[in-house]
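Step one of this worksheet: look at the structure below.
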Amino acid sequence: MLKDLILRAQSVLEQTIPPEQELVEIENALSAYLEALATERIAEPVDFTELEHANRLLREVRRERSRRLAETQLNAPSEPQGPQKASASEKPLPVNVSPQFNEDDTYDPLRKFLSSSHDPEAEETMDSAEEAFYAGNYQKAIPLFENVLQIEPGCARAQEHHDEAEEFMRTGNIPSVALPPEAGKAYGKAQSAARVFRYQTALDYLDEAFASLKESGINRWREGEELRQDLENQMQAHEVYEEGLAMLRQGDLQGGLAKVQTAASAVALPEYVDKAGEIRDDLAAINEITDVVNLSGNIPADKLAESRTKLDRLSLKYGEIPQVSRLRNRMDIVLPAVIEALVEKIHRLKAQGDSASTLKVAKQVYAGAEEALSTLQSLQPDTAEGHTVQAEIESASGEIQAFEDSLKQANQALNAESRFFPRNAYLISKAVRTRFPEDPEVLDLKRHLRWYYITFYGGIGIAGFLLILILWFGGNGIANAVQKRQLAMTPSPTITATATTTPTITLTPTITSTPTPEATSTPNFTPTATQVIVGVVTRDLFAYSGCYESTNQNGKIPEGGEVTIIAIPQRVFDDLNRECVLVEYKGETRTIIGYILIADISIP
């Protein structure tokens with residue numbers, strides 16, 4: 002609204018001969034608005050430069066009206082007297098220089114004063130008094146207002162401004178809009194410097210404002226004194242805050258928190274409050290890490306991984322302060338046992354996933370293994386064993402995903418092909434049906450593939466039956482043909498008379514046999530077959546090159562693997578007096594020979 006009044010006043014004053022009515026209206030509007038600002042009846046934020054510009058325009062409007070009034074008074078005696086002179090008894094009409102209001106003007110407390118007639122001397126004195134009042138020179142304005150009240154005791158505006166000026170002089174409660182221009186500018190710069198934490202610069206500007214007020218005769222300014230006190234508090238709080246930051250850099254978190262919290266309580270800056278909350282969170286994190294690393298028994302791996310992450314963050318933030326160093330040493334002590342248990346859990350989950358009977362169970366188990374592997378990477382990143390296990394789990398998870406995709410494609414092919422011979426669905430789902438025969442989705446697929454089995458095996462049976470019939474009939478035909486040929490080539494028998502001589506008995510000398518020595522067979526050595534003992538390992542274990550764990554690992558034997566016990570000349574025992582046996586395990590890719598504990602073998 003003030004901008005509109007300023008533009009309106011400028012347009013009126015730029016005219017060569019401004020109309021009197023427009024001057025009166027703009028004077029009333031500016032005076033009413035500025036007085037409302039001074040008495041805090043308007044809470045609209047106003048820029049100081051605009052306020053100063055409005056005061057200057059108001060003074061120019063009043064000077065223009067005063068100049069016109071003076072010209073009117075000077076020109077009145079020089080007017081030619083007509084033949085008809087006014088009688089001496091007639092009094093001159095008073096000049097009404099009060100502003101005129103339109104019918105649609107809103108009510109204002111100054112209307113009563115502005116719409117009435119005033120003495121020219123009182124009006125001129127009132128203008129000077131208001132100029133001094135709005136300039137902040139209350140010592141000069143008070144006597145002028147008293148002169149106006151002596152001339153016109155009923156002038157409400159003069160009495161009101163006189164009381165306000167005395168109140169300002171007595172209490173120092175001078176509003177910023179009523180400050181002298183130089184003081185107001187310095188005060189605004191002081192506030193701007195304080196907002197960006199340039200407290201010393203703000204104090205310098207504030208001293209400049211006080212000096213300007215003192216030149217104007219104002220010795221007390223409560224708002225400026227409050228700002229000075231606030232700036233001093235800000236500077237003290239900033240010093241305490243910097244001391245707290247220094248203590249934090251030295252590792253004294255409790256002391257630093259006390260300092261920062263004191264600064265935040267003093268001035269309540271968001272920066273101080275946020276920093277105090279941040280330090281409290283860090284202290285709470287240190288307490289949580291302490292509780293985790295000092296747990297008795299098995300420490301949960303996920304909690305330890307979370308604590309390690311927090312500890313690394315605190316180490317980057319504060320450096321190797323004593324609290325962080327102690328916690329890191331304690332964590333290094335408990336870390337190996339937790340990692341070993343976590344690795345065993347990962348292997349166990351992988352074994353469960355490999356032996357799962359359904360896709361859903363296998364997927365859940367592998368997901369748990371991946372989560373445990375992520376925890377392992379947090380606790381001990383970039384280890385060879387971790388990378389190996391990760392590759393195995395990723396491969397197994399990829400197989401599960403491939404099985405799910407093949408099952409989905411098989412169902413799609415089943416809907417697209419003939420229900421009696423869905424060959425593509427059968428071929429696509431062969432691997433998943435072999436790996437997860439008990440999976441509910443696989444069982445449902447098998448029910449839809451039953452016509453394929455009937456058609457396929459029925460066709461094979463019919464073809465086999467027809468082939469047998471063909472072979473049988475063909476064999477009979479060939480046999481009959483061979484028999485007929487043989488009969489055709491066989492000669493027929495013919496009866497022929499033949500003379501037969503009768504033999505005569507003749508004595509023949511008897512041959513006497515001479516015994517001949519016989520060779521006696523020499524007994525040969527027949528080797529006896531060595532008994533082969535086969536056993537089954539009861540858990541996942543490694544075969545070692547000796548007895549036992551202090552030697553090198555030759556390979557891993559899974560739980561349930563069949564091993565052949567190799568005979569050795571004598572029994573062997575490890576450092577704990579546990580007996581070892583030499584076994585041979587034939588895996589899918591290679592054969593493993595090594596020592597294992599006899600307690601880990603189950604012999605059927």
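First residue of the sequence shown: 2, per my numbering; consecutive thereafter.
Yeah, the Cβ is synthetic: ideal placement off N, Cα and C, and Gly gets one too.
query: Where does F198 sit, in a helix, a strand or coil, going by DSSP?; result: coil
query: So the candidates are P46, A37, E45 and D5; which of them puts its Cα closest to the Cα of L58?; result: D5
query: By the three-class DSSP mapping on this structure, what secondary structure does N56 have?; result: helix
query: Could you give the C-beta distance for S407 and S379, rounded to a whole number, given that I count them as a contact under 8 Å?; result: Not confirmed; about 34 Å, so no contact.
query: Do the stretch 260-271 and the stretch 322-341 meet, that is, are 3 or more Cβ pairs less than 8 Å apart?; result: no
query: Given this structure, state the Cα-to-Cα distance separating D283 from L249, to the nearest angstrom.; result: 11 Å
query: Quick one: what does DSSP say F437 is sitting in, helix, strand or coil?; result: coil
query: What is the DSSP secondary structure of E372, reduced to helix, strand or coil?; result: helix
query: Quick one: what's got a C-beta closer than 6 Å to K186's C-beta in the same chain, skipping five residues either side?; result: none
query: Taking 8 Å as the cut-off, does the stretch 316-333 touch the stretch 356-372 (at least 3 CB pairs, one atom from each stretch)?; result: no
query: For F404, which residues from the same chain have a beta carbon less than 8 Å from its beta carbon, with the 5 sequence-adjacent residues on both sides left out?; result: L360, A432, V433, R436 and F437
query: For a test of the three-state rule: what should DSSP assign to N555, helix, strand or coil?; result: strand
query: Which residues does DSSP list as the beta-bridge partners of T592?; result: K587
query: On the premise that G556 lies in contact with F543, defined as a C-beta separation below 8 Å, what is that separation, rounded to the nearest angstrom?; result: 7 Å
query: Report yes if the C-beta of A277 is less than 7 Å from at least one heavy atom of the ligand MG; otherwise report no.; result: In terms of ligand content, the structure shown is empty, and the ligand MG therefore cannot be addressed.
query: How many angstroms separate the CA atom of D48 from the CA atom of Y34?; result: 14 Å
query: Using CA coordinates, which residue listed in I27, A480, E125 and R69 is at the minimum distance from L3?; result: I27
query: Starting from the Cα of H54, find the closest Cα among E65, L8 and Q22 and give me that residue.; result: L8
query: Give me, in chain order, the residues of the same chain whose beta-carbon lies closer than 7 Å to that of V293; leave out the 5 immediate sequence neighbours on both sides.; result: I300, K304, L305 and S308
query: Assuming contact is defined by CB atoms lying nearer than 8 Å, are G536 and I604 in contact in what I supplied?; result: yes
query: Inspect the CB distances between the stretch 200-210 and the stretch 153-166 and report whether three or more fall short of 8 Å.; result: no
query: CA-CA distance, E104 and D275?; result: The pLDDT assigned to E104 is 43, lower than 50, so where the model puts this residue is not dependable, and the model offers no usable value.
query: According to DSSP, is T310 helix, strand or coil?; result: helix
query: Any idea what DSSP makes of I394, helix, strand or coil?; result: helix
query: Can you name, in chain order, every residue of its own chain whose Cβ lies under 6 Å from the Cβ of E15, other than the five neighbours on each side?; result: none
query: One question on the structure: do I340 and Q381 come within less than 8 Å of each other, judged by their Cβ atoms?; result: yes
query: Can you check which of these residues, T539, H449 and L343, is closest to N412 by C-alpha distance?; result: H449
query: Which residue marks the beginning of the beta strand (DSSP E) containing L296, and which one marks its end?; result: Where L296 is concerned, there is no enclosing beta strand (DSSP E), given that its DSSP letter is neither H nor E.
query: Is G561 helix, strand or coil when you go by DSSP?; result: coil
query: Skipping 5 residues on each side, what residues in its chain have a beta carbon closer than 7 Å to that of G462?; result: none
query: Alpha carbon to alpha carbon, how far is P46 from S67? Give it in angstroms, no decimals.; result: 32 Å
query: Is Q235 buried or exposed, if buried means 16 or more other CB atoms sit within 10 Å of its CB?; result: buried
query: Just how far apart, CA to CA, sit L270 and A277?; result: 11 Å
query: Could you tell me the distance, in whole angstroms, from the CA atom of D576 to the CA atom of G298?; result: 27 Å
query: Can you grab the Cα-Cα spacing for the pair I569 / Q353, in whole Å?; result: 35 Å
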